[in-house]
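Below is one structure, written out as structure tokens; comments come after it.
Residue numbers (our numbering): 532 to 717.
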């Protein structure tokens, strides 16, 4: 897959996320944002998505092959878009759960006709998979919208502060900032 096609995939997914972000009723009575934190619960409720938080080690105990994969690749989320079902590992950090949930919501919204399991892990092959790129782009734009990042970046350039402000892992904030720097946005 060439770079231009990846850029198109990411752009389309980001557009869907931006539209969804703009439709959220996350403002107070004065019309101002309460925080930089995108409220995922509203999306889950409006889209009738089932989210289950489980201990993956217990949940997959009966399947050694899946359990081995989960441990080896630090899997923290799974989804089946056609069933609107998402599983998140209870043992992940709050920031990891949040980013993973947004990523899996991306699969449910963008790949709703697919009756298969998507597995959010760190395998190199998943980073090149178009559907994984779409879900990740969706999550980045939903949780860290460009305009909000610009505002926050003017306040602080600290990776830790920005990650905490948006409720995402530092590694994801670093990737987002690097991407926005490449685009000349910040």
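Even glycine gets a Cβ: it sits at the ideal position worked out from N, Cα and C.
Asked, Found
"Residues near residue 592 by beta carbon distance below 8 Å, same chain, minus five either side", "598"
"Buried versus exposed call for residue 578 [16 or more other C-beta atoms within 10 Å across all chains shown]", "exposed"
"3 or more residues per run - each beta strand (DSSP E) lying fully within the stretch 566 to 615", "581 to 585 and 608 to 611"
"Paired residues, beta bridge with residue 649 - DSSP", "610"
"Sequence-distant residues of the same chain with beta carbon closer than 6 Å to residue 623, five excluded per side", "607"
"Check whether residue 716 and residue 545 have beta carbons under 8 Å apart", "no"
"Same chain, Cβ closer than 7 Å to residue 681, neighbours up to 5 away in sequence not counted", "716 and 717"
"Opening and closing residue of the alpha helix (DSSP H) in which residue 661 lies", "661 to 674"
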